[in-house]
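Below you'll find the structure, written out as structure tokens, and then a few comments.
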Amino acid sequence: MSGPSWHALILAAGRGPSDSMAKAYGVSHKCLLPVGGVPMLRRVVETLAQSRSIDGIEISIEDGSIAQAALRDLAARFEIVPSRESAARSAIAALERNGSFPCLITTGDHPLLTTEIVTHFLEEAARSQAELCAGLASRRIIEAAFPDASRTYIRFADAEVSGCNLFALASARALAALDFWHYLEPVRKKPWRLARAFGLVPLIRFATRTLTLEEAFASASRRLKLSVRPILLPFPEAAIDVDKPADKELAETVLAERR
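Take the position in the sequence shown, starting the count at 1, then add 25; the result is the number in this note's numbering.
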């Protein structure tokens with residue numbers, strides 16, 4: 026299935042001196058950490074550059090020279106945009122500046138991203154006709170492939186899911202969701218506080234495990250006044266970003282098996 030051409034935005038800003046992974050491995054930004062001998066950000070850029078659905082790439086980072094130095098031979102493949110105080114504010118600033126929609130947003134610490142994952146996600150997003158889609162992977166899929174992986178899961182009545190750092194924005198209307206994301210970002214790994222942000226009834230139903238995944242996204246659609254849909258991905262590696270040494274080790278194992 027052929028879909029629209031998508032712009033890609035990679036969020037790659039550093040977390041400052043508090044970033045334990047950057048400090049542990051002696052890099053200025055976590056996304057520059059080598060996984061399998063290659064900086065994570067480079068892996069993401071190369072994957073997007075090879076994806077037939079992507080027609081342009083931007084990297085949001087506070088110091089463009091850092092990305093330029095790490096990706097010098099790929100400089101023709103991307104543009105740099107300055108980051109802001111949070112991931113959500115960075116995405117809003119970049120998209121308001123360039124107005125490039127539809128847009129795929131991902132992160133620079135996603136070393137297992139593949140063209141197959143990107144194509145599948147964007148085709149499903151286009152098919153959904155939603156204004157905003159979020160990529161998710163189920164606990165069942167992840168643990169079947171990586172039984173020892175420690176991930177953060179959100180539990181619904183019919184599924185337990187983990188985020189995949191993949192978001193598809195169909196139009197500028199989806200920027201309203203990024204504003205809401207800025208508000209939620211400090212609690213993004215605290216399911217109870219996420220649920221509370223959508224109102225009392227969804228919170229009660231979430232607490233009693235009677236809220237389904239589809240109902241949760243319907244509630245989000247009403248709260249944001251735009252259509253929001255989940256895209257459940259059949260790729261367990263889509264949920265593996267590198268936040269701790271065990272994630273790096275797992276990613277390197279997967280990459281070695283791909284050779």
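All C-beta atoms in this analysis are idealised placements derived from N, C-alpha and C, irrespective of residue type, glycine included.
A residue is called buried when at least 16 other Cβ atoms come within 10 angstroms of its Cβ; glycine 124 does not meet this threshold and is exposed.
Exclusion of the five residues before and after serine 30 leaves Asp80 as the residues of its chain whose Cβ lies within less than 6 Å of its Cβ.
With respect to the C-alpha of lysine 55, the residue from Ala118, Ile117 and Gly133 having the closest C-alpha is Gly133. Here histidine 145 carries a helix assignment [DSSP, helix/strand/coil]. For secondary structure counted as the beta strand (DSSP E) over 3 or more consecutive residues, the stretch 134 to 212 holds these complete runs in sequence order: 157 to 163 and 185 to 194. When the five nearest sequence neighbours on each side are left out, the beta carbons in the same chain lying within less than 6 Å of the beta carbon of isoleucine 86 are those of Ala37, Ala38, Ala92 and Ser108, in order along the chain.
Residue pairing by DSSP places arginine 68 opposite no residue, since no beta bridge is assigned to it. Nearest in C-alpha terms to threonine 72, of all of Ala271, Glu274 and Ala263, is Ala263. The way I'd put it, the stretch 151 to 169 does touch the stretch 251 to 267; three or more beta-carbon pairs between them come closer than 8 Å. Nearest C-alpha to glutamate 121 among Leu236, Asp204 and Gln75: Asp204.
Sixteen is the threshold: since fewer than 16 other Cβ atoms of the shown chains lie within 10 Å of the Cβ of arginine 283, the residue is exposed. Less than 8 Å separates the beta-carbon of isoleucine 265 from that of alanine 174.
Its chain contains Val70, Ala74 and Ile82 as the residues whose beta carbon lies nearer than 7 Å to that of arginine 102, once the 5 sequence neighbours on both sides are disregarded; these appear in chain order.
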